[in-house]
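Residue numbers (our numbering): 76 to 345. From the three backbone atoms N, C-alpha and C, an ideal C-beta is built for every residue, glycine too. Being a predicted model, the structure only gives us computed values, none of them experimental.
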Ligand SMILES: [Mg+2]
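Dropping the structure here:
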């Protein structure tokens, strides 16, 4: 398991951290859908960022608040004890991509109440992120948010982090017609909405399973890996099949700084 650990000393260097088993054309247990030559990361035109646990650390006390409110919502609506509700919450998250999708599919729940309830949290626990702010300011290209949460939640998180000025658009779970990552349909919808070429775009995520459909579309993928991720055991990502993960970092700001600092290749001579 965790084959990636062998590469840890080079995690944060975008020039060297391409995983050897992500090489184009090389078999990675059937997961390598990487048929497209990818441009250098400092020449990409579009950057698609996940929100929660990607733009702020998974160790923040923000997401646990959402977790607790999901459990309470399920307990109240389905008349379950908190332990039963928690088990169901995590089962749906694992099987459907989001807990909400499971509640809609299995129980026919309406999404609006759920989203309003679970995102009614104290966003002030998030600290401003000046280093990420500077890294995003220096990074060329259009930046977008692609989240399984709501747009209102994304706006509050970005405002609290001091990052809202960087993002040209937010694609939330409503825009995705409640089809969550990692289901491929919502990636197609997102690309169509923002009208960009996936082969000149990157996707940045804390859950590596959510990067697979992006890589299949030709996007360059960046996994923000965190040892203390609260959902690591729930999601049970398959670390033996990571052909869809092109870059790994445990420090997004530093990684973006390195992208910006990497000299561009001189134009080819005809
Ligand atoms: Mg996330």
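I'd like to check one pair, residue j with residue i: are the Cβ atoms closer than 7 Å?
i           : j           : result
residue 248 : residue 223 : yes
residue 245 : residue 260 : no
residue 277 : residue 119 : yes
residue 257 : residue 172 : yes
residue 133 : residue 283 : no
residue 281 : residue 128 : yes
residue 242 : residue 121 : no
residue 219 : residue 123 : yes
residue 192 : residue 138 : no
residue 200 : residue 275 : no
To the nearest angstrom, how far is it from the Cα of residue i to the Cα of residue j?
i           : j           : result
residue 143 : residue 204 : 25 Å
residue 289 : residue 273 : 8 Å
residue 217 : residue 207 : 16 Å
residue 164 : residue 145 : 7 Å
residue 334 : residue 177 : 38 Å
residue 237 : residue 197 : 16 Å
residue 337 : residue 240 : 24 Å
residue 96  : residue 322 : Low local confidence applies: a pLDDT of 34 at residue 96 is under 50, so the model's placement there is unreliable, with the coordinate-based value given in what follows. Roughly 11 Å separates the two Cα atoms.
residue 251 : residue 265 : 7 Å
residue 317 : residue 150 : 36 Å
residue 328 : residue 130 : 9 Å
residue 253 : residue 214 : 31 Å
residue 211 : residue 153 : 43 Å
residue 324 : residue 202 : 21 Å
residue 268 : residue 175 : 22 Å
residue 170 : residue 160 : 15 Å
residue 157 : residue 167 : 15 Å
residue 230 : residue 263 : 23 Å
residue 255 : residue 125 : 12 Å
residue 228 : residue 293 : 29 Å
residue 141 : residue 162 : 15 Å
residue 100 : residue 209 : Its pLDDT being 29, under 50, residue 100 is placed unreliably in this model, and the value from its coordinates should be taken loosely. Using only the alpha carbons, I get a separation of about 36 Å.
By a C-beta neighbour count over all protein chains shown, 10 Å radius and 16 as the cutoff for buried, is residue i buried or exposed?
i           : result
residue 339 : exposed
residue 185 : exposed
residue 332 : buried
residue 112 : exposed
residue 180 : exposed
residue 297 : buried
residue 279 : buried
residue 182 : exposed
residue 232 : buried
residue 320 : buried
residue 195 : exposed
residue 187 : exposed
residue 234 : exposed
Quick one: grab the DSSP three-state call for residue i.
i           : result
residue 238 : coil
residue 231 : helix
residue 217 : strand
residue 44  : Since the first residue of the chain shown is 76 and the last is 345, residue 44 is not available in this structure.
residue 287 : helix
residue 180 : helix
residue 250 : coil
residue 280 : strand
residue 347 : This structure does not reach residue 347, given that the chain is present from 76 up to 345, and the question cannot be answered.
residue 204 : coil
residue 243 : strand
Measuring only from the beta carbon, is residue i closer than 6 Å to any heavy atom that is part of ligand 2?
i           : result
residue 129 : No copy of ligand 2 occurs in the structure displayed; its ligands are ligand 1 alone.
Any chance you could list the alpha helix (DSSP H) runs of at least 4 consecutive residues sitting entirely within the segment 113–178, in chain order? 137–153 and 157–171
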